[in-house]
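One structure is given here, and the rest of the page talks about it.
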Amino acid sequence: GAGVSQSPSNKVTEKGKDVELRCDPISGHTALYWYRQSLGQGLEFLIYFQGNSAPDKSGLPSDRFSAERTGGSVSTLTIQRTQQEDSAVYLCASSPYRSGNTIYFGEGSWLTVV
Amino acid sequence: GQQLNQSPQSMFIQEGEDVSMNCTSSSIFNTWLWYKQDPGEGPVLLIALYKAGELTSNGRLTAQFGITRKDSFLNISASIPSDVGIYFCAGRSSTDSWGKFQFGAGTQVVVTP
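Just so you know, the protein sequences line up as chains A and B, in that order. Here our numbering is used: the first residue of the first sequence is 2, the next is one more, and so on. Here our numbering is used: the first residue of the second sequence is 13, the next is one more, and so on.
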């Protein structure tokens with residue numbers, strides 16, 4: 002597509018439930034990122050995928066968080082047993098793999114855990 | 013997680029004034045990016061910088077990659093109401109994995125007529 006597409010745009014879930022957030026990167030971009038943005042805060046790095054390489058998971062806050070990227074394109078971020086502190090905007094971004102890289106963001110998935 | 017030190021946290025300015033903000037890091041960066049985020053939307057890339065000392069403009073926006081490689085500046089000249097938003101810097105350390113960008117906490121810009 003023309004831009005990074007994320008779904009759902011908004012999700013309200015009960016504490017303890019699992020949620021899945023989807024990201025469809027820009028066509029042809031080999032790098033895909035997930036960031037988390039809490040209210041009034043900057044962006045917190047979660048995970049980064051590059052082609053067929055092992056993902057950089059160093060930003061995942063706990064083992065309740067996981068992400069997959071199937072076929073080198075679409076990615077799903079899964080949060081198990083959600084907690085209220087998981088409430089945030091989850092931003093996906095993608096980038097072409099080349100020198101002088103820049104990253105392009107989707108509009109985010111706003112997660113509220115009640 | 014790690015974040016850059018971005019300042020100021022917020023700015024209230026009158027239309028027509030210039031705006032300056034900066035980001036500093038304790039480590040050497042090889043890429044600096046500046047983004048603007050409007051409410052309910054994802055960050056939009058404004059300017060990308062790849063070399064120490066580089067000065068790049070995008071309309072009324074000008075950004076510089078500091079010569080120490082540990083800082084970057086963004087200037088907005090002759091501000092207008094649509095400049096309202098949150099501006100984020102992002103940088104990539106030479107010691108981090110290729111795709112791992114760190115983000116500043118943002119500068120909230122409010123423009124009054």
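Yeah, the Cβ is synthetic: ideal placement off N, Cα and C, and Gly gets one too. Keep in mind it's a predicted model, so treat the numbers as computed, not measured.
Alpha carbon to alpha carbon, how far is B:T36 from B:G13? Give it in angstroms, no decimals. Looking up residue 13 of chain B in the second sequence gives position 1. Looking up residue 36 of chain B in the second sequence gives position 24. Residue placement at B:G13 cannot be trusted, given a pLDDT of 45 that sits under 50; the coordinates are not used to answer.
Is the Cβ of B:Q26 closer than 9 Å to any Cβ of chain A? Position 14 of the second sequence, counted from the first residue, corresponds to residue 26 of chain B. Not one chain A Cβ lies under 9 Å of B:Q26.
Quick one: what's got a C-beta closer than 6 Å to B:W44's C-beta in the same chain, skipping five residues either side? Indexing the second sequence from 1 puts residue 44 of chain B at position 32. Answer for B:W44: L61, F77, S84 and G103, listed in chain order.
Nearest to A:T83 by CA position, among A:T14, A:S96, A:P56 and A:G73, is which residue? To locate residue 83 of chain A, count along the first sequence from 1; it is residue 82. Closest by alpha carbon: A:T14.
Given a limit of 8 Å on CB to CB distance, which residues of the region 98 to 119 of chain B reach chain A? F100, A102, S109, W110, G111, K112, F113, Q114, F115, G116, A117 and G118
Take the Cβ of B:Q114 as the centre, count every other Cβ of all protein chains shown within 10 Å, and call the residue buried at 16 or more, exposed below. Looking up residue 114 of chain B in the second sequence gives position 102. With 16 or more Cβ atoms within 10 Å of its Cβ, B:Q114 is classed as buried.
Applying the 10 Å Cβ sphere with the 16-neighbour rule, what's the burial state of A:S117? Coverage of chain A is limited to positions 2 through 115, which leaves residue 117 of chain A absent and any answer about it impossible.
Could you give the uninterrupted runs of the alpha helix (DSSP H) lying entirely in the region 21 to 59 of chain B, keeping only those of 4 residues or more? none
If you check the beta carbons only, do B:V121 and B:S89 fall under 9 Å apart? Residue mapping note: residue 121 of chain B aligns to position 109 of the second sequence, counting from 1. Residue mapping note: residue 89 of chain B aligns to position 77 of the second sequence, counting from 1. No, Cβ-Cβ distance for B:V121 and B:S89 is not below 9 Å.
Can you confirm whether the region 49 to 65 of chain B touches the region 53 to 60 of chain A when touching is taken to mean that 3 or more C-beta pairs between the two stretches lie within less than 8 Å? no
Reduced DSSP secondary structure (H/G/I, E/B, other) of A:S110: Position 109 of the first sequence holds residue 110 of chain A. A:S110: strand per DSSP, three-state reduction.
How about B:V123 and B:I59: do their beta carbons lie closer than 9 Å? If you number the second sequence from 1, residue 123 of chain B lands on position 111. If you number the second sequence from 1, residue 59 of chain B lands on position 47. Taking 9 Å as the Cβ cut-off, B:V123 and B:I59 do not qualify as a contacting pair.
List the whole-angstrom C-beta distance separating A:K12 from A:S110, where the pair is believed to meet the contact cut-off of C-beta under 8 Å. Mapped onto the first sequence, residue 12 of chain A falls at position 11. Mapped onto the first sequence, residue 110 of chain A falls at position 109. Going by Cβ atoms, the distance from A:K12 to A:S110 rounds to 6 Å, so yes, they are a contact pair.
Is there at least one non-hydrogen atom of the ligand GDP closer than 8 Å to the beta-carbon of A:K16? Judged by which ligands are present, the structure shown has none, so any question about the ligand GDP falls away.
Can you check whether the CB of A:D25 is closer than 9 Å to the CB of A:S39? For this step, residue 39 of chain A is matched to residue 38 along the first sequence. For this step, residue 25 of chain A is matched to residue 24 along the first sequence. For A:S39 and A:D25, no; Cβs fall outside 9 Å.
Decide if A:Q51 is buried, meaning its Cβ has at least 16 other Cβ atoms within 10 Å, or exposed. Walking along the first sequence from the start, residue 51 of chain A turns up at place 50. Buried is the call here.
9 Å Cβ cutoff met for A:S67 and A:Q81: Here residue 67 of chain A refers to the residue found at position 66 when the first sequence is read from its first residue. Here residue 81 of chain A refers to the residue found at position 80 when the first sequence is read from its first residue. Yes; because the gap between Cβ atoms is below 9 Å, this pair is in contact.
Output yes if chain B places a C-beta closer than 9 Å to the C-beta of A:E86; else output no. As a first step, residue 86 of chain A is located in the first sequence; it is residue number 85 there, counting from the start. For A:E86, the answer is no, since every Cβ of chain B falls outside 9 Å of its Cβ.
Can you give me, in chain order, the residues of the region 39 to 66 of chain A that have a beta carbon less than 7 Å from any beta carbon in chain B? Q42, G43, L44, E45, F46, Y49, Q51, D57 and G60
Which first and last residues belong to the beta strand (DSSP E) in which B:G8 is found? No answer is possible for residue 8 of chain B: it lies beyond the span of chain B, which begins at 13 and ends at 125.
If you run the structure through DSSP and keep just helix, strand and coil, what is B:E66? Mapped onto the second sequence, residue 66 of chain B falls at position 54. The answer is coil: DSSP assigns B:E66 none of H, G, I, E or B.
9 Å is my cut-off, CB to CB: does B:E53 come that close to chain A? Residue numbering aside, residue 53 of chain B sits at position 41 when the second sequence is read from its first letter. Chain A, which has a Cβ nearer than 9 Å to the Cβ of B:E53, makes this yes.
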